[in-house]
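Numbering (our numbering), first residue to last: 21 to 289.
Using N, Cα and C, we set each Cβ at its ideal position, and we do this for glycine too.
Here the structure comes first, spelled out in structure tokens, and everything after it is commentary.
Put into structure tokens, the structure is as follows:
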């Protein structure tokens, strides 16, 4: 809904600099639909995976497994002729080590194991799904307007999630009103702004590089917890992990990926 309201305003601002090029309707609908289906699969796998975790499980393990999409994207990209230079592979390796320190090391020191269960398998499938999400955006973002693709994406994802809400949950207007603020934030900021900026920003960016930049969400979540939750603190393992992931992101920016900017949009409706 927020994007439907924003699209005319964005078009009006963009029209000041020339004709608004949106791309073909086919690319908008196909790209948005594919992104919506994959986002639906990935987000539900993530939530079911987290819900199935035992109470005494190392909670950082979920973050580590999910963040592994930064290593899965370049592997899948090889099958789509999206080769990554050596420096990108090195950056991925450094990032995975960083996420290990960031998400798992404190739990290991505290004696929590790393045994794999059904929840971890679902989270791994979630990471694979998010990898496909990044690669689909990489294909369609140069071909059509990112805001419109994002709008279709959420219409499809929301439409698929709606029946599941009534199957697995017991929603009520009272509970919705009680938590309207986090719902609004998730809908407008986390989805409407963040995922839309991902589609817009990925145009002309190598998917492996994009996956590493996106994986910074784990770093920012830890730092935000430190700032917003007094007394939470950061262990030296978490600081090392944050530093390694940041170093990996800087490293891949220096890699000569040689990615073309993509085809020009055509204002074909």
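Whose CA, out of the options, lies closest to the CA of residue i?
i: residue 137; options: 72, 201, 213 and 197; result: 72
i: residue 255; options: 214, 108, 59 and 130; result: 130
i: residue 276; options: 247, 38, 111 and 170; result: 111
i: residue 272; options: 183, 185, 141 and 90; result: 90
i: residue 220; options: 171, 123, 243 and 186; result: 171
i: residue 93; options: 214, 227, 243 and 142; result: 227
i: residue 338; options: 85, 142 and 147; result: Nothing can be reported for residue 338, as the shown portion of the chain is limited to 21 through 289.
i: residue 262; options: 183, 95, 116 and 96; result: 116
i: residue 96; options: 147, 233, 173 and 51; result: 147
Do you know how far the Cα of residue j is from the Cα of residue i?
i: residue 164; j: residue 145; result: 28 Å
i: residue 61; j: residue 149; result: 7 Å
i: residue 319; j: residue 40; result: No answer is possible for residue 319: the residues shown for the chain start at 21 and end at 289.
i: residue 156; j: residue 260; result: 32 Å
i: residue 264; j: residue 247; result: 20 Å
i: residue 82; j: residue 63; result: 13 Å
i: residue 22; j: residue 202; result: 15 Å
i: residue 107; j: residue 121; result: 21 Å
i: residue 57; j: residue 29; result: 27 Å
i: residue 303; j: residue 191; result: Nothing in the structure corresponds to residue 303, since the chain is present only between 21 and 289.
i: residue 27; j: residue 168; result: 7 Å
i: residue 158; j: residue 207; result: 23 Å
i: residue 42; j: residue 139; result: 41 Å
i: residue 230; j: residue 46; result: 25 Å
i: residue 270; j: residue 241; result: 19 Å
i: residue 59; j: residue 153; result: 7 Å
i: residue 87; j: residue 185; result: 26 Å
i: residue 109; j: residue 197; result: 47 Å
i: residue 181; j: residue 54; result: 15 Å
i: residue 123; j: residue 32; result: 44 Å
i: residue 245; j: residue 267; result: 21 Å
i: residue 214; j: residue 193; result: 27 Å
i: residue 222; j: residue 127; result: 34 Å
i: residue 65; j: residue 151; result: 13 Å
i: residue 174; j: residue 141; result: 26 Å
i: residue 243; j: residue 274; result: 25 Å
Quick check on the burial criterion: 16 or more other C-beta atoms within 10 angstroms. Buried or exposed for residue i?
i: residue 258; result: buried
i: residue 177; result: buried
i: residue 195; result: exposed
i: residue 205; result: exposed
i: residue 166; result: buried
i: residue 67; result: exposed
i: residue 188; result: exposed
i: residue 104; result: buried
i: residue 36; result: exposed
i: residue 125; result: buried
i: residue 24; result: exposed
Return helix, strand or coil for residue i, following the three-state DSSP convention.
i: residue 282; result: Only weak support is given to the placement of residue 282: the predicted model assigns it a pLDDT of 44, under 50, and the value that follows is read from those uncertain coordinates. The answer is coil: DSSP assigns residue 282 none of H, G, I, E or B.
i: residue 137; result: coil
i: residue 228; result: helix
i: residue 43; result: strand
i: residue 275; result: coil
i: residue 82; result: helix
i: residue 147; result: helix
i: residue 130; result: coil
i: residue 289; result: Low local confidence applies: a pLDDT of 46 at residue 289 is under 50, so the model's placement there is unreliable, and no value is given.
i: residue 38; result: coil
Mind checking if residue i is an interface residue toward chain C, Cβ cutoff 8 Å exclusive?
i: residue 225; result: No chain C appears in the structure shown, which is made up of a single protein chain.
For the segment 97-104 and the segment 237-250, state whether three or more C-beta atom pairs, one from each stretch, are separated by less than 8 Å.
-> no
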